[in-house]
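Each residue of the sequence shown is one higher than the one before, starting from 1 at the first, in my numbering.
In this text, a Cβ means the ideal position worked out from N, Cα and C, and glycines have one as well.
A short worksheet on the structure shown next.
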Amino acid sequence: MDFYFQENERLEIMLRAITEDHITKLTYLNKLFSRTLDISSTLDLILDDICRTLFKEDLRDSLREFLPNYINYLAYKIETKRDLIESIDKLEGIIWQNIPTIFQSKSEDNLENQFREEIQKIDKEIDLSPNNLDLYNSKIKIFIYFNQYGEGLKLLDVMLGIFPESEKDIQMKKASVLKSMKKIQAGLDIINDLQEKYPDDNDLVNYKAYWLQYLDRKEEAQRLIQDLVDRIPNNGMYHDTYGEILMYFEDYEEAIKEFQDAIELVSDEWYIHQTYIKLGICYKELKEYDLAEENLEKGIELTNKSSIDPDTKDKWIAIANLFLLQIE
């Protein structure tokens, strides 16, 4: 059986909202950066939802054949879909902060030429100012933007020799690149080595909690971040991290408490728009829809006012709007 939908017709809008909601929740809440997308279980969840609300149960088998192509269509049609799956979380902002955004959009037709042009441009700047760490960081960002992770790792190794005083920052960027390559354990090994050299660095504890989360080591991640917020209760970023980890493992009630603590402590920090959006998602998962809507809309408002780059801004607004759409 074939299915034909008019784009933006009421039924297609509802189907799109349900499909995007499940894909987004799976990738953003449960699978972000660390696990393989389980398309079979996702299809089951989508089918359960749409057969309960939009279609008759006897269409389930036909819809199962239809959905993969429809999901591919959405991935192609909606530019933010790729951004949502690869959404930049607070940790990425910490590791890559103060690096200028070079691109605002990708063009499939000229990516290779664009890559060469940007590398040539930054290489000329490095030749003129070979001791400028920011230029090297910008070159790393170019490699990552174009998925040239191997080249990025090579350059980071070179940077360690040129800028030994920035070892921690460079090594954390290396761990971040390895994470993008799904080499989570290798990134954790880097953090462990750094902790041996800098045993009093609490930010490394914060990073390690994230990496344990990515490896699904729930008890270790929670124990580590709990100890950190107990020792340093007035650091809003650590509470926000704790909230993310609890949210990842679907402990939404406890996550809400940590996000609220973060907001109370640091209402004007650069990442606080994300905190409101994550708080709204938690309320939505607990079916507290008024509070969900209030916090998601507050998150959108703060995101629009923030000075973050346009791509990151669009990602967070898209995430918030998808959950708002599900509430409506």
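Between I327 and Y276, the C-beta gap is not smaller than 7 Å, which leaves the two residues out of contact.
Taken in chain order, the complete alpha helix (DSSP H) segments of 4 residues or longer contained in the segment 120-208 are 133-145, 149-162, 167-180, 184-197. Segment contact: the segment 56-63 against the segment 190-207, fewer than three CB-CB distances shorter than 8 Å; contact not assigned.
Cβ-Cβ separation between K90 and E244: approximately 7 Å, consistent with a contact (criterion under 8 Å).
Only residues of its own chain outside the window of five on either side were considered, and among them L135 have a CB closer than 6 Å to the CB of E125, listed in chain order.
For the pair D44 and A221, the Cα-to-Cα distance works out to about 30 Å. Leaving aside the five residues that flank N304 on each side, the residues in its chain whose CB is nearer than 8 Å to its CB run, in chain order, K313, I317. Excluding the 5 residues flanking it on each side, I190 has same chain C-beta neighbours closer than 7 Å at Q171, K174, A175, in chain order.
Burial is judged here by how many other beta carbons sit within 10 angstroms of a residue's own beta carbon; R16 has at least 16 and is buried. At a Cβ-Cβ threshold of 7 Å, F259 and L279 count as neighbours. For P310, the secondary structure class from DSSP, reduced to helix, strand or coil, is helix.
Looking from the CA of F323, the closest CA among L11, E20, E12, I13 belongs to E20.
When DSSP states are grouped into helix, strand and coil, I46 belongs to the helix group. Nearest Cα to Q148 within the set P310, P164, E112: E112. Secondary structure of I327 (DSSP, three-state): helix. Assignment of W270 by DSSP, reduced to helix, strand and coil, places it in the coil class. In the structure shown, the three-state DSSP call for P233 is coil. Assignment of R217 by DSSP, reduced to helix, strand and coil, places it in the coil class. Around the Cβ of S138, a 10 Å sphere holds 16 or more other Cβ atoms; the residue is buried. Sequence-distant partners of E118 (beyond 5 residues in either direction) whose C-beta falls short of 6 Å from its own C-beta, in its chain, are I142. For a cut-off of 8 Å, the C-beta gap from I18 to I46 is around 6 Å, short enough to register as a contact.
Relative to R116, the option among S129, F146, N132, P130 whose CA is nearest is F146. Excluding sequence positions up to five before and after L212, its CB lies within less than 6 Å of the CB of E220, A221, all in the same chain and listed in chain order. Nearest neighbour of L160 by Cα position, chosen from N131, A186, K182, turns out to be N131. Between the alpha carbons of I50 and Y283 lies a gap of roughly 23 Å. At least 7 Å separates the beta-carbon of L155 from that of I144. Each of T53, R231, M181 was checked against the Cα of G152, and the nearest Cα belongs to M181.
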